[in-house]
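Accompanying notes for the structure given below.
Residue numbers (this note's numbering), protein chains in the order written: chain A, 1 to 355; chain B, 1001 to 1355.
What follows is the structure, given as structure tokens:
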């Protein structure tokens, strides 16, 4: 698959990505290479990754615990300490080998260590391939508020080797698929239709679709890297989705939701808001709801859950002056931003979702 | 005094600075203003500052403990929590009212909260006026390693009201003077001479000299914001000075050194290295030593202290590939960068300092 050039870096694919990495390492004269892994990618991805690196520079492995609950400042602190203890300096390179937690957190750690060292993202989950590792957003959670602390800073390259998906659990594949579906919903009805007709989530058949999703996201990021306008479209489903995800993360009584599962619920609800405020046809909404529910099932919310989630909306990073702003659909493939929505409609969206 | 334009912001002075601030606040439509103070500036500076603000936007005061030992991630965490609890959003403004700890830490907090909100620096110590608040360096210490975590990011404006110096303790005035002396040593022999002949450190007489120091630093920062070259000159005295400061901070047996006191010791020692490697005349070195010792006295180091400090040099942010690089003087007013120095010479520099 062809490399995708972005703002200041490129996304490279499969076998070709290792050639690009080795050329880059050869040319860069790094003092040391630190590879950040989590407990899963240490076992399942690091051996293959290392077998493809051809370079004389010394390297060290730094391991963090796997999972969203470890996307914290405490984990950053441990990694900054390790980098210091292992003689990391400004000419060090950090390679983030993992899912969205590793690439988001590792990008933040790199961007702030000694006021910034260079880093490379090697996403190993579907979610991080099509979303987290492209676009320069780095960060960690603050308590239950997702990505509250971070910076926008671009990696030197992104390497997408879809064979890492071979060992990814099925629910993680579904989670990543939600972001791909979103790309179709906001930008490309034809792409959405092809994803809807997908027969399996086998990684070997997904390659071309992953490539398309990255192209869609990348084009938005290039036009609006700092999210002043168009990039907000990528938040479709995420305003309610993030609040739902935060709420479930913080409430042991709720089922554990993966990011994509929460975003799928958010997209159905925000689809409803789209009908009410942006003219999305009801038929399109039903298509969205049926497709997403057939893949992700349904989450049960009590009245109490609902009001707590609506309360959490105020922490959404897109908001200001106390107003919650949504990215909503005019049609499948077309999205508007900065839409204000009445609280009543949000209540109705929960009811529609539950039906 | 005339405003000084910088990369993307300006430095404004005295009464004029409040006019500029009020125009800026009026034009910016911030959702809320957070003023970060420490325990000292809350008492001594905030009342005057507030009395000069003319603006309808709601504001909140966030207070941190005063002192370098609080320049930590833990303090950042508390402030990020406060910003979240007080409904801070992306359209919030943070005003850092304090010395170097407040402006460095507050700049980092602002640069990373929700991936970055705007901020204004209002330095209240001599050190932060002539150094910390100009140039975009933000950060916090990691354990005893100074400024190990941070980003380069510029404030929207810097407001220098020298009347805040009225309540600054004499040793803090001396500490700030060290950076002004450094500006003379690396860039301007005439400015150095005038500082050497200074009869008192009364704030009302310092205004013009502060203005000159900011011009010197600002010109360097404009030419090399990311410290790839010329900006490293500003590290003269800081390679050994930072290591000495870190060591004293971590060792209760050592006297407490203010930043400028440590940098003064570092400048004498690095003056010695300058003679040995860059052709600084011995007469200039003696002038530097006599001037700095007459202001800052002398610190006693044991053999053990010395070897521990040399060990700490490896954490210096300017280093890479295990090599310590110095900014050293060719003459008073002229500085070279990236100089490698033999460990033996560093030992000799300690001996020269002790004489």
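Ideal placement from N, C-alpha and C gives every residue a C-beta, glycine not left out.
Please tell me whether residue i has its Cβ less than 8 Å away from any Cβ of chain A.
| i | result |
| --- | --- |
| residue 1078(B) | no |
| residue 1232(B) | no |
| residue 1051(B) | no |
| residue 1024(B) | no |
| residue 1151(B) | yes |
| residue 1145(B) | yes |
| residue 1118(B) | no |
| residue 1098(B) | no |
| residue 1325(B) | no |
| residue 1208(B) | no |
Identify the continuous alpha helix (DSSP H) that holds residue i and give its terminal residues.
| i | result |
| --- | --- |
| residue 1028(B) | 1014 to 1028 |
| residue 285(A) | 282 to 296 |
| residue 1002(B) | From DSSP, residue 1002(B) is part of no alpha helix (DSSP H); its letter is neither H nor E. |
| residue 61(A) | Careful: residue 61(A) lies outside any alpha helix (DSSP H), inside the beta strand (DSSP E) at 59 to 64. |
| residue 1352(B) | 1343 to 1354 |
| residue 155(A) | Counting along the chain, residue 155(A) falls outside any alpha helix (DSSP H), and DSSP gives it neither H nor E. |
| residue 244(A) | 238 to 250 |
| residue 51(A) | 46 to 52 |
Is there a Cβ of chain E sitting closer than 8 Å to that of residue i, yes or no?
| i | result |
| --- | --- |
| residue 89(A) | Here chain E cannot be found, since the structure's protein chains are A and B. |
What residue range is occupied by the uninterrupted beta strand (DSSP E) comprising residue i?
| i | result |
| --- | --- |
| residue 119(A) | 118 to 123 |
How is residue i classed by DSSP in three states: helix, strand or coil?
| i | result |
| --- | --- |
| residue 160(A) | strand |
| residue 1210(B) | helix |
| residue 1136(B) | coil |
| residue 1187(B) | helix |
| residue 326(A) | strand |
| residue 109(A) | helix |
| residue 279(A) | coil |
| residue 1099(B) | coil |
| residue 371(A) | The structure shown does not extend to residue 371(A), since chain A is modelled only from 1 through 355, so no value can be given for it. |
| residue 1233(B) | helix |
| residue 1226(B) | coil |
| residue 1130(B) | helix |
For chain B, find out if any of its Cβ atoms is closer than 8 Å to the Cβ of residue i; answer yes or no.
| i | result |
| --- | --- |
| residue 255(A) | no |
| residue 148(A) | yes |
| residue 18(A) | no |
| residue 301(A) | no |
| residue 114(A) | yes |
| residue 9(A) | no |
| residue 322(A) | yes |
| residue 315(A) | yes |
Going straight from the alpha carbon of residue i to that of residue j, what length do you get?
| i | j | result |
| --- | --- | --- |
| residue 1192(B) | residue 1291(B) | 10 Å |
| residue 248(A) | residue 239(A) | 15 Å |
| residue 282(A) | residue 261(A) | 22 Å |
| residue 28(A) | residue 333(A) | 41 Å |
| residue 340(A) | residue 214(A) | 29 Å |
| residue 147(A) | residue 259(A) | 13 Å |
| residue 295(A) | residue 268(A) | 12 Å |
| residue 314(A) | residue 1218(B) | 39 Å |
| residue 427(A) | residue 96(A) | The shown model of chain A, from 1 to 355, leaves out residue 427(A), and the question about it has no answer. |
| residue 1077(B) | residue 136(A) | 23 Å |
| residue 1014(B) | residue 1243(B) | 35 Å |
| residue 1145(B) | residue 337(A) | 44 Å |
| residue 1003(B) | residue 1098(B) | 20 Å |
| residue 93(A) | residue 30(A) | 6 Å |
| residue 335(A) | residue 182(A) | 11 Å |
| residue 1343(B) | residue 1355(B) | 19 Å |
| residue 1089(B) | residue 317(A) | 7 Å |
| residue 1266(B) | residue 1033(B) | 39 Å |
| residue 1058(B) | residue 1052(B) | 15 Å |
Going by C-alpha distance, which of the options is nearest residue i?
| i | options | result |
| --- | --- | --- |
| residue 234(A) | 254(A), 145(A), 134(A), 257(A) | 134(A) |
| residue 1349(B) | 1319(B), 1286(B), 1294(B) | 1286(B) |
| residue 277(A) | 288(A), 319(A), 345(A), 294(A) | 345(A) |
| residue 1347(B) | 1309(B), 1224(B), 1114(B), 1165(B) | 1309(B) |
| residue 1299(B) | 1253(B), 1311(B), 1324(B), 1319(B) | 1253(B) |
| residue 275(A) | 317(A), 327(A), 293(A), 320(A) | 327(A) |
| residue 141(A) | 266(A), 246(A), 20(A), 288(A) | 246(A) |
| residue 114(A) | 1320(B), 1330(B), 1343(B) | 1320(B) |
| residue 1378(B) | 1230(B), 1231(B), 1187(B) | Chain B is shown from 1001 up to 1355; residue 1378(B) falls before or after that span and cannot be answered. |
| residue 1075(B) | 1177(B), 1209(B), 1139(B) | 1139(B) |
| residue 8(A) | 64(A), 255(A), 222(A) | 222(A) |
| residue 24(A) | 40(A), 56(A), 312(A), 42(A) | 56(A) |
| residue 1046(B) | 1123(B), 1150(B), 1263(B) | 1123(B) |
May I ask whether a heavy atom of the ligand FAD can be found less than 7 Å away from the beta carbon of residue i?
| i | result |
| --- | --- |
| residue 49(A) | The ligand FAD is not among the ligands present in this structure, which contains no ligands whatsoever. |
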